[in-house]
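K.L.:
One structure coming up, written as structure tokens, with questions to follow.
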Amino acid sequence: MSNDHTELSTRSFVDVHAIQDELDQVRWGLHADGEGSEAAEHAAAEARASVCNLITVVGNEPELGAVTSVLDRLSVTNPSRTLILLAQHTREADKLEAEVSAQERTESGHRVSTERVILHAHGEPARHLASLAAPLLIPDLPVILWWPGRPQFDNPLFDDLCELADRLVVDTDEGFDDADLARLLQVARRQKAQASIGDLNWARLMAWRHVAAQFFDMPGMLARLAHIRGVSIFHGHDGSTAQARLLGGWMRSRLATVGIDVPLEFRLDDSIEHGVCRFLIYAGGDEGPARFSMSRHRGGRLSTQIRLGDQDLAERTVRLESRATEELLGIELTLPGHDMLFEQALAAALQ
Amino acid sequence: MAQVAAAPLTQNVLRDGLILPRTPDPAAMVIFGASGDLTARKLMPALYNLALNRYLPSGFSVIGVADTALSEDEFRAHMEQAVQKFSRSQPVDRAVWQSLAEGISFVRMPFDDEEGYGRLAAELERLDRERGTAGNRVFYLATAPQFFSVIIDRLGASGIAKAGEGWKRVVIEKPFGNDLKSAQALNQAIHTVFTEQQIYRIDHYLGKETVQNVLVFRFANGIFEPIWNRRYVDHIQITVAEDIGIERRGKYYETAGALRDIFQNHLMQLLSIAAMEAPPNFDADSVRDEKVKVLKSIHPIDVANDVVRGQYGPGWVGGQQVPGYRQELNVAPTSNTETFVAVRLKIDNWRWADTPFYLRTGKRLPSRASEIAIQFKNPPHLPFAKTAVQELTPNVLVMRIQPHEGASLKIAAKIPGPVMRLRTVNMDFFYGSSFMVESPDAYERLVLDCLLGDATLFAREDEVERAWSLVDRIEAGWASEPPPAFPNYAAGTWGPPEADALIEHDGRRWRRP
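Heads up: the sequence lines are chains A and B, in that order.
Under my numbering, the first residue of the first sequence is numbered 1, with each subsequent residue one higher.
Under my numbering, the first residue of the second sequence is numbered 352, with each subsequent residue one higher.
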């Protein structure tokens with residue numbers, strides 16, 4: 001696969017109209033070559049694929065570099081207008097700068113073009129960057145707010161951007177504690193909340209959820225779902241529990257819909273540093289005891305096993321994708337509306 | 352202590368929100384022709400990728416059947432090599448393969464060997480017992496067509512096709528017959544053992560993401576349907592062009608030709624999905640009902656005037672000098688097999704009355720392209736009387752299937768400047784620009800659909816027979832005339848001059864895809 005990445009232009013501005021003009025120029029190639037020029041003629045003929053506006057907020061230059069690399073890779077599958085807000089309201093001297101750039105990428109002969117605006121603000125302007133972001137968005141396309149790290153829930157910028165956005169994407173695996181999860185739930189359930197919530201950590205749990213559900217698709221297993229009597233979740237010892245909590249919350253919330261209140265047990269696994277590594281579901285009832293187990297292994301694999309009484313059924317090994325941030329973000333960009341399952345899982349995780 | 356649900360559960364609540372509505376039931380897939388090319392190149396890589404991505408259930412098992420001297424271990428090793436070579440996901444995950452391979456076994460037998468079917472039945476029973484396949488079976492006929500009937504007959508006679516509990520399904524590869532009579536006979540033979548609901552006739556074209564996208568393009572975008580009719584459409588061109596020759600398939604191609612190889616299946620499928628009415632839902636029968644209605648509505652073809660056939664001679668394609676068809680391996684030096692067909696047809700219904708459809712397919716054409724092009728009528732009045740409007744060409748909407756899947760719309764635009772000058776421009780959209788992700792192979796989709804019992808993307812009996820009756824009519828017309836002086840087009844050209852005359856007679860031209 002060929003991959004040719006070209007930086008078309010990079011220019012700096014401080015005025016919103018100048019930024020808009022430059023964005024139009026880089027989007028449509030309307031450089032001042034004169035009326036009737038070849039470039040202008042082609043401009044009328046060009047269709048551009050864009051799937052969303054993506055706003056992201058960073059607090060310092062190193063974060064800016066990391067986020068920019070993720071967005072570069074994301075742009076291959078999701079051509080978007082990207083606004084990166086480098087908001088440093090704690091720095092004293094007021095400052096507002098904008099940098100507009102355009103990238104063109106060729107993948108297997110297909111051209112993908114994106115525009116990016118980096119808004120860099122200090123002091124008071126940093127708290128009001130939403131007012132600058134709003135006029136720079138492409139009309140009619142969804143607005144995704146990706147907030148890497150723990151959101152500054154008390155920063156007015158957070159609220160302003162949430163109002164602008166159709167979806168807020170966070171990663172609860174980035175040090176979210178219970179208080180952060182509770183604030184996130186509040187945001188999701190805020191009255192008139194337009195922004196739905198996406199969580200990259202939730203997306204990482206897709207394989208676990210898929211495989212757990214598959215146990216009970218098997219003939220004769222559905223009845224055992226009504227007799228689940230406990231769940232054990234083993235996770236790494238680095239102190240990050242959000243992923244395990246969400247998985248437990250998901251189990252509890254789904255079973256609550258059919259009147260089952262299932263106890264959750266969380267256990268540390270000293271052999272693993274981070275994330276969920278084992279998930280056990282215990283069932284009882286007239287059919288006898290059953291254990292459904294899923295274990296994560298090195299090399300991105302998940303093995304599954306069912307034990308009925310003392311008999312082990314066929315084992316299975318499947319892929320447990322270790323997805324890069326841009327892939328997880330890409331999945332989030334395709335999801336419409338509120339993810340009620342996530343919100344219910346989050347609420348149940350906090351019970 | 353956990354509370355227990357008050358009433359028995361009727362649905363798996365853990366599945367809510369997951370993309371697939373359910374996992375296939377544990378099943379055994381019996382592949383007849385397991386040592387063949389299709390199994391190695393397509394089926395086993397498809398099964399591996401389904402397993403890798405968690406689509407296959409626990410206990411899923413495969414029994415390879417072939418009359419080839421292979422031990423079970425050798426068969427597994429052969430399949431592993433095939434997956435290593437042909438899987439779209441690389442490198443192959445050994446643990447996942449091992450997990451799949453544990454359910455793979457091999458039965459050596461000739462396809463007509465009654466005793467062999469006894470051993471096959473015993474193996475299936477073992478899988479039910481040990482791997483929980485519960486009597487669910489897919490019989491995949493990946494063999495040469497001459498074995499279809501005998502395998503079906505033996506599956507019936509041995510009782511395997513009906514034994515015990517669980518569902519039974521049979522997958523038949525194309526070509527499904529070689530004319531209407533043989534297709535009907537095959538349908539009849541299969542129906543003595545399987546009902547229509549159990550039969551999955553594969554045309555892998557329908558498993559392609561790109562073909563399914565045509566349906567989405569038409570029926571998920573409200574702006575196109577109102578103009579998708581005789582009132583606004585001047586004509587439709589459907590092209591399936593290949594730049595390759597017949598490769599090493601001379602023996603097969605000599606008996607098939609372009610008419611049977613592409614026209615009867617791929618072109619008919621594209622015609623159906625381009626012309627069909629919107630189905631009420633995406634159920635198998637709803638979609639196929641609409642497709643069959645299109646085939647039923649095709650106006651009887653006047654073969655002498657509406658059909659052109661061709662055969663390539665030597666020429667140049669892509670800078671390479673290539674031989675003519677008659678010089679290809681396993682082709683008779685005096686062969687009259689067609690490698691090109693162009694057809695003009697009309698559909699007698701309210702949507703399409705008097706709107707011609709021009710279909711063409713051929714080998715060794717200048718480029719590879721599959722597309723459906725909708726050419727719209729000119730505006731009834733052009734107010735730009737003193738402008739260069741004669742330069743304008745009509746609006747054309749093209750749905751490209753391969754390569755470069757996407758859509759393009761040809762529109763008129765004003766050239767910037769003080770005078771009114773118009774020109775035609777193309778607005779191109781590549782799906783790849785929005786979804787630059789790897790698509791599953793058509794066989795992955797189709798095998799999974801079959802395991803899930805969804806026959807939407809498989810051909811139904813009446814669909815196949817309608818397509819064959821059209822082919823038979825063309826064959827009969829050709830048989831009543833002496834063959835053209837083949838070869839009648841050079842490799843690397845867009846077919847014989849008669850194909851141009853066919854469309855130019857109506858005041859139109861073929862597109863250059």
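For every residue, glycine included, the Cβ atom is placed at its ideal position computed from N, Cα and C.
Comparing the C-beta of A:Pro151 with each C-beta of chain E, is any distance below 7 Å?
P.N.:
The chain labelled as chain E is not found among the protein chains of the depicted structure, namely A and B.
K.L.:
Out of A:Asp72, A:Arg245, A:Leu119, A:Ala93, point me to the one whose CA is closest to A:Ala349's CA.
P.N.:
Mapped onto the first sequence, residue 349 of chain A falls at position 349. Per the Cα distances, A:Arg245.
K.L.:
Are the beta-carbon atoms belonging to B:Val521 and B:Phe490 less than 7 Å from one another?
P.N.:
Start at 1 with the first residue of the second sequence, and residue 521 of chain B comes out as number 170. Start at 1 with the first residue of the second sequence, and residue 490 of chain B comes out as number 139. Contact: yes.
K.L.:
What separation, rounded to the nearest whole angstrom, lies between the Cα atoms of B:Tyr551 and B:Leu646?
P.N.:
One-based indexing of the second sequence puts residue 551 of chain B at position 200. One-based indexing of the second sequence puts residue 646 of chain B at position 295. Near 19 Å, if we compare the C-alpha coordinates of B:Leu646 and B:Tyr551.
K.L.:
Near B:Ser438, what residues of its chain come up, given a Cβ to Cβ distance below 8 Å and the 5 sequence neighbours on each side ignored?
P.N.:
Looking up residue 438 of chain B in the second sequence gives position 87. Closer than 8 Å at Cβ, skipping near neighbours: Pro396, Tyr399, Asn400.
K.L.:
Counting only runs that start and end within the segment 127 to 213 of chain A, where is the alpha helix (DSSP H) found for 4 or more residues in a row?
P.N.:
Those alpha helix (DSSP H) runs which fall completely within the segment 127 to 213 of chain A and span 4+ residues are 129 to 133, 156 to 164, 178 to 189, 200 to 204.
K.L.:
Please go through the segment 520 to 588 of chain B and give each complete beta strand (DSSP E) segment of 3 or more residues, from N-terminal end onward.
P.N.:
Whole beta strand (DSSP E) segments, 3+ residues: 550 to 552.
K.L.:
Ignoring anything shorter than 3 residues, give me the beta strand (DSSP E) runs that lie fully in the segment 251 to 312 of chain A, in order along the chain.
P.N.:
The segment 251 to 312 of chain A contains these whole beta strand (DSSP E) runs: 264 to 268, 276 to 283, 290 to 297, 301 to 308.
K.L.:
Determine the direct distance from the alpha carbon of B:Pro734 to that of B:Arg772, and round the result to whole angstroms.
P.N.:
Residue 772 of chain B sits at position 421 when you count from the first residue of the second sequence. Residue 734 of chain B sits at position 383 when you count from the first residue of the second sequence. For B:Arg772 and B:Pro734, the distance between alpha carbons rounds to 12 Å.
K.L.:
Determine, using beta-carbon pairs with one atom in the segment 370 to 388 of chain B and one in the segment 225 to 235 of chain A, whether at least three such pairs fall under 8 Å.
P.N.:
Result no; under three Cβ-Cβ pairs closer than 8 Å.
K.L.:
My output table needs one value for A:Val26: the three-state DSSP class, helix, strand or coil.
P.N.:
Position 26 of the first sequence, counting from 1, holds the residue named residue 26 of chain A. The answer is helix: DSSP assigns A:Val26 an H, G or I state.
K.L.:
Grouping DSSP H, G and I as helix and E and B as strand, with all else coil, what is B:Gln662?
P.N.:
The residue you call residue 662 of chain B lines up with position 311 of the second sequence. Three-state result, B:Gln662: coil.
K.L.:
Which same chain residues, not among the five before or five after B:Gln449, have their C-beta less than 6 Å away from its C-beta?
P.N.:
For the purposes of this step, residue 449 of chain B is identified with residue 98 of the second sequence, where counting begins at 1. The answer is none, since no qualifying residue turns up.
K.L.:
Check the Cβ-Cβ distances between A:Pro120 and every residue of chain B, and say whether any is below 7 Å.
P.N.:
As a position in the first sequence, residue 120 of chain A is number 120, starting the count at 1. It is worth fixing the name first, because residue 120 of chain A is His in this sequence and not Pro. With 7 Å as the cut-off, A:His120 does not count as an interface residue toward chain B.
K.L.:
State the Cα-Cα distance for the pair A:Leu184 and A:Phe292, rounded to the nearest angstrom.
P.N.:
Position 184 of the first sequence, counted from the first residue, corresponds to residue 184 of chain A. Position 292 of the first sequence, counted from the first residue, corresponds to residue 292 of chain A. When rounded, the distance between both Cα atoms is 31 Å.
K.L.:
With a cut-off of 8 Å on the beta carbons, I'd call B:Gly846 and B:Ala626 a contact; round off their distance for me.
P.N.:
Position 495 of the second sequence holds residue 846 of chain B. Position 275 of the second sequence holds residue 626 of chain B. Wrong, their Cβ atoms sit about 23 Å apart, outside the cutoff.
K.L.:
Name the residue from B:Arg599, B:Gln615, B:Ile578 whose alpha carbon lies nearest to the alpha carbon of B:Val591.
P.N.:
Your numbering for residue 591 of chain B matches position 240 in the second sequence. Taking only the C-alpha atoms, the option nearest B:Val591 is B:Gln615.
K.L.:
How should B:Ala827 be labelled, buried or exposed, when 16 other C-beta atoms within 10 angstroms of its C-beta is the threshold for buried?
P.N.:
On the second sequence, residue 827 of chain B is found 476 positions in, with the first residue counted as 1. B:Ala827 comes out exposed.
K.L.:
Within 10 angstroms of its Cβ, does B:Trp701 collect 16 or more other Cβ (buried), or is it exposed?
P.N.:
As a first step, residue 701 of chain B must be located in the second sequence, where it is residue number 350. Flag for B:Trp701 reads exposed.
K.L.:
For A:Cys420, which residues of its own chain have a beta-carbon under 6 Å away from its beta-carbon, when the five flanking residues on both sides are left out?
P.N.:
Any answer about residue 420 of chain A is impossible in this case: the structure gives chain A only from 1 up to 351.
K.L.:
Any C-beta of chain B sitting closer than 7 Å to the C-beta of A:Pro139?
P.N.:
Position 139 of the first sequence, counted from the first residue, corresponds to residue 139 of chain A. No - not a single Cβ of chain B is within 7 Å of the one on A:Pro139.
K.L.:
Mapping DSSP to helix, strand and coil, what is B:Leu398?
P.N.:
The residue labelled residue 398 of chain B in the question sits at position 47 within the second sequence. B:Leu398: helix per DSSP, three-state reduction.
K.L.:
Shortest alpha-carbon distance to A:Gly330 belongs to which of A:Thr317, A:Arg204, A:Asp154?
P.N.:
Looking up residue 330 of chain A in the first sequence gives position 330. When only C-alpha atoms are compared, the closest one is A:Arg204.
K.L.:
On the three-pair Cβ rule with 8 Å, is the segment 503 to 519 of chain B touching the segment 820 to 837 of chain B?
P.N.:
With the cut-off at 8 Å, the segment 503 to 519 of chain B and the segment 820 to 837 of chain B do not touch.
K.L.:
For chain A, find out if any of its Cβ atoms is closer than 7 Å to the Cβ of B:Leu478; answer yes or no.
P.N.:
Here the question's residue 478 of chain B lines up with position 127 in the second sequence. Answer no: the Cβ-Cβ gap between B:Leu478 and chain A never drops below 7 Å.
K.L.:
Evaluate contact between the segment 616 to 624 of chain B and the segment 788 to 808 of chain B, counting only Cβ atoms and requiring at least three cross-stretch pairs below 8 Å.
P.N.:
The segment 616 to 624 of chain B is not in contact with the segment 788 to 808 of chain B.
K.L.:
For A:Arg189, does the count of other Cβ atoms within 10 angstroms reach 16, so buried, or fall short, so exposed?
P.N.:
As a first step, residue 189 of chain A is located in the first sequence; it is residue number 189 there, counting from the start. Label assigned to A:Arg189: exposed.
K.L.:
When DSSP builds the beta bridges, which residues end up paired with B:Trp518?
P.N.:
Position 167 of the second sequence holds residue 518 of chain B. Answer by DSSP bridge pairing: none, since B:Trp518 is not bridged.
K.L.:
Starting from the C-beta of B:Arg859, find all residues in its chain whose C-beta is less than 7 Å away, skip the five residues before and the five after it, and write them out in chain order.
P.N.:
Working through the second sequence from its first residue, we reach residue 859 of chain B at position 508. Taken in chain order, the residues that qualify are His586.
K.L.:
Please classify B:Lys602 as buried or exposed, where buried requires at least 16 neighbouring CB atoms within 10 angstroms.
P.N.:
Numbered from 1 along the second sequence, position 251 holds the residue referred to as residue 602 of chain B. By the neighbour-count rule (16 or more Cβ atoms within 10 Å), B:Lys602 is not buried but exposed.
K.L.:
Spatial neighbours of B:Ser784 within its chain, please: CB distance less than 7 Å, with the 5 preceding and 5 following residues excluded, ordered by chain position.
P.N.:
Within the second sequence, residue 784 of chain B is the residue found at index 433, counting from 1. Because the pLDDT of B:Ser784 is 46, which lies under 50, any placement of that residue in the model is unreliable, and the number read from its coordinates should be weighed accordingly. Closer than 7 Å at the Cβ level, and outside the excluded window around B:Ser784, lies no residue.
K.L.:
Do you know offhand how far A:Tyr282's Cα is from A:Leu313's?
P.N.:
Translated into positions along the first sequence, residue 282 of chain A becomes position 282. Translated into positions along the first sequence, residue 313 of chain A becomes position 313. Between A:Tyr282 and A:Leu313, the C-alpha separation is close to 15 Å.
K.L.:
What are the residues of the segment 404 to 435 of chain B that lie near chain A, defined by any Cβ-Cβ distance shorter than 7 Å?
P.N.:
Answer set for the segment 404 to 435 of chain B: Asn404, Arg405, Pro408, Ser409, Gly410.
K.L.:
Output the distance between the C-alpha atoms of A:Glu332 and B:Asn564, rounded to the nearest integer angstrom.
P.N.:
As a position in the first sequence, residue 332 of chain A is number 332, starting the count at 1. As a position in the second sequence, residue 564 of chain B is number 213, starting the count at 1. If you take the alpha carbons of A:Glu332 and B:Asn564, they lie about 22 Å apart.
K.L.:
What residues in the segment 200 to 215 of chain A have a beta carbon less than 7 Å from any beta carbon of chain B?
P.N.:
Residues passing the 7 Å Cβ filter: Ala207, Arg209, His210, Val211, Ala212, Ala213, Gln214.
K.L.:
So, do the segment 67 to 84 of chain A and the segment 113 to 120 of chain A have three or more beta carbon pairs nearer to each other than 8 Å?
P.N.:
Enough Cβ pairs lie closer than 8 Å, so yes.
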